[in-house]
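Positions -22 to -1, 1 to 342 (mature numbering (1 follows the signal peptide of the UniProt record, and there is no 0)) are the ones given, in order, by the sequence shown.
By construction, the Cβ of each residue, glycine as well, lies at the ideal position given by its N, Cα and C atoms.
Remarks on the structure that follows.
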Amino acid sequence: MKKKVTVLTTTAILSTTFAANASASTYVVKKGDTLGQIAQKYNTTVNELKSLNNLSSDLILINQKLSIADSSKSTSSNTTTSNQSSTKTSTAAKTYKVVSGDSLIKIANKHSISLGELQQWNNLSSSLIYPGDILYVSKPGTATNTPASNSSNNSGNAGNTTVKETTSASTATYTIKSGDTLSKIASTYKMSVSQLKQLNNLNSDLIFPGQKLKVTASEKVTNTGNNNSSSSTATPISTGNNGQSYASKVVSASKSLIGLPYVWGGSTTAGFDCSGFVYYVLNQSGKSIGRYSAEGYYDRSYYVDIPAVGDIVYFKNTYKQGISHLGIYIGNNEFIHADSSGVRVTSLDNSYYKEHFDSFKRLY
């Protein structure tokens, strides 16, 4: 009789263990975990994870136990179910939760994607984001987006629509020279810095003379409108319906200050430093911006391949390491800025500034 009880007990234990494996396993949340990371680790989606654990938000706590659908259950099902599960896993996109201090360009750079991709995948028409927002940082697999997917937005102004066409899908090799930056190389080959870094598996902007980089085939810009022809000449920034008048105001306001002295921290006509000059000119031209350092403006702007009048030119490693100087691009390969010589116009071919050039960017 005793032997029989032992057998029954063992059978019950095995039966219980099998049932647990056939339904779900448990994961204990660790510091730094997000639902997106856990879902990716276990080849599931955030929505499935939330549904399985009756979660109404993305908030999870350290040491919280989550039920995870056991992958062995799906593999033991019939072929049709297995294929459906596999398809669902492959189309799940990576997500990122916005935290305080984030900007779209910082999130894009962090995940080695372009700003345009980030906006397209999340259907964003502006750069406004809030802490707690969940953003796709990889292409949603169920989407069938194409570069020309904004047809509904272009139907009313098809007369001057610009379309980028890739002339070739092949890649070429570029050997880095002294003074090169990723921004300059990307601009030359009509790529974004993020695309260039992704193509070469780069985790930082650090490059060395003699290093070889893969670059894509060049792109051509085709204007499909009735009244514009293809041109590589930079055009004024379009800000609302008066983009050209804004650019004109920038040039007029900045040139009216030529000759004023350099003053550290200055942002009035008594004297300017580089960031104070940008702050004063752009506000005078109708763009409401705060007073930041060169690095502050850098973090609030995004890369552009071809600069337009009013774009910001950034320089690095002048009086300190990193982004340390900026000016306003005014066309003809020139920028206006405030340096130790006061407010003046300087060519981008100037040997000193050419050596310290970092990038062209546009404020959000």
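Which of the three DSSP states, helix, strand or coil, is assigned to residue i?
i, result
"Gly14", "helix"
"Val76", "coil"
"Ala248", "coil"
"Leu160", "helix"
"Ile85", "helix"
"Thr145", "Any answer about Thr145 is weak, because its pLDDT of 37 lies below 50 and its placement is not dependable; what the coordinates show is given next. Reduced to three states, the DSSP call for Thr145 is coil."
"Leu177", "helix"
"Ser165", "helix"
"Tyr330", "helix"
"Asn131", "In this prediction, Asn131 has a pLDDT of 38, which is less than 50 and means its spatial position is unreliable; nothing more can be read from the coordinates."
"Gly94", "helix"
"Lys19", "helix"
"Leu27", "helix"
"Lys227", "helix"
"Lys233", "helix"
"Ser172", "helix"
"Gln262", "helix"
"Ala286", "coil"
"Pro125", "In this predicted model, Pro125 has a pLDDT of only 36, less than 50, meaning its place in the structure is not dependable; the value taken from the coordinates is given anyway. Coil, per DSSP."
"Gly274", "helix"
"Asp183", "coil"
For residue i, write down the residues that DSSP places opposite it in a beta bridge.
i, result
"Phe313", "Tyr307, Thr324"
"Ser279", "Leu341"
"Thr153", "Lys190"
"Phe293", "His303, Phe335"
"Leu113", "Tyr74"
"Tyr257", "Note: Tyr257 sits in no beta bridge, so no partner."
"Tyr240", "Phe250"
Since residue i and residue j are thought to touch, with beta carbons under 8 Å apart, how far apart are those beta carbons, to the nearest angstrom?
i, j, result
"Phe255", "Val291", "Not really, about 12 Å apart at Cβ, beyond 8 Å."
"Asp251", "Ala164", "Contact flag wrong, Cβ pair sits at about 29 Å."
"Tyr114", "Ala71", "5 Å"
"Phe293", "Ser302", "7 Å"
"Ser161", "Tyr281", "7 Å"
"Leu326", "Phe335", "7 Å"
"Thr12", "Lys75", "6 Å"
"Lys332", "Gly157", "7 Å"
"Ala47", "Thr22", "6 Å"
"Val241", "Val287", "About 26 Å separates the two Cβ atoms, so there is no contact after all."
"Val7", "Ile38", "5 Å"
"residue 356", "Ala86", "With the chain covering -22 to 342 only, the question about residue 356 has no answer from this structure."
"Ala231", "Val193", "Not confirmed; about 38 Å, so no contact."
"Ser81", "Asp277", "6 Å"
"Tyr224", "Ser263", "6 Å"
"Asp283", "Lys168", "6 Å"
"Ile40", "Lys9", "5 Å"
"Asp36", "Ile107", "Not a contact, Cβ separation roughly 15 Å."
"Asn179", "Leu191", "Rounded, the Cβ-Cβ distance is 11 Å, inconsistent with contact."
| Is there contact here, the segment 84 to 101 with the segment 29 to 47, by at least three beta-carbon pairs under 8 Å? | Because the criterion of three Cβ pairs below 8 Å is not met, the segment 84 to 101 and the segment 29 to 47 do not touch.
| message | Check whether the segment 151 to 159 and the segment 259 to 271 touch, using three or more Cβ-Cβ pairs below 8 Å as the test. | response | In short, these stretches do not touch, since the Cβ pair count stays below three.
| task | Check whether the segment 300 to 309 touches the segment 238 to 246, taking contact to mean three or more Cβ pairs, one atom from each stretch, closer than 8 Å. | result | The segment 300 to 309 makes no contact with the segment 238 to 246: fewer than 3 CB pairs, one atom from each, lie closer than 8 Å.
| message | Three Cβ pairs or more, each shorter than 8 Å: is that satisfied between the segment 228 to 238 and the segment 318 to 330? | response | The segment 228 to 238 is in contact with the segment 318 to 330.
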